[in-house]
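These notes are about the structure you will find just below.
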Amino acid sequence: MKEWQLFSTRDPASGRWRHYPTIAKAETLFRWAEPGRTYAGQIVKGPDGRFYLYAPVMQRDSTAKDRFAIGVAVADWPLGHGAMRIPRGRSSRN
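Residue numbers (our numbering): 365 to 458.
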C-alpha cells in the first residue's frame with residue numbers, strides 16, 4: 365500500500381462509515397521505511413488515552429534477509445492530524 369487509510373463509525377451495525385483516504389504514509393512517519401511498502405496496520409487506544417498505530421513496514425536500507433519491521437507511532441487522536449510521533453524507546457534490528 366502507498367498509505368494507510370481509516371474507516372470509522374460509532375455503530376458498526378448501522379452500515380454508516382466515514383472514510384479518511386490518507387492518514388499517514390510509512391516514509392513520512394518512519395525515516396527508515398521504503399516508500400510504497402506499507403501493509404495493513406492496526407490503531408488501538410492505549411491505557412493512557414492516546415492512539416497507537418502498529419504497522420508492518422519494509423525497511424529501506426536494511427541488509428537483513430527479512431526486511432520487515434513493525435513501526436509504532438502515537439497520536440492524541442486516531443487521525444493524527446500531522447501529530448503522530450514515534451514513541452521513545454529501544455529499537456531492535458537484526
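All C-beta atoms in this analysis are idealised placements derived from N, C-alpha and C, irrespective of residue type, glycine included.
Residue burial annotation: ALA377 is exposed, with fewer than 16 other C-beta atoms found within 10 angstroms of its C-beta. The beta carbon of LEU417 sits closer than 6 Å to the beta carbons of GLY405, ILE407 and ALA437 from its chain, once the five residues preceding and following it are set aside; these are given in chain order. The C-alpha of PRO399 is placed about 8 Å away from the C-alpha of ARG424. Shown here, PRO420 sits in a strand according to DSSP, grouped into three states.
For LEU370, the enclosing beta strand (DSSP E) has its first and last residue at 368-372. Residue pairing for ALA439: DSSP places it in a beta bridge opposite PHE415.
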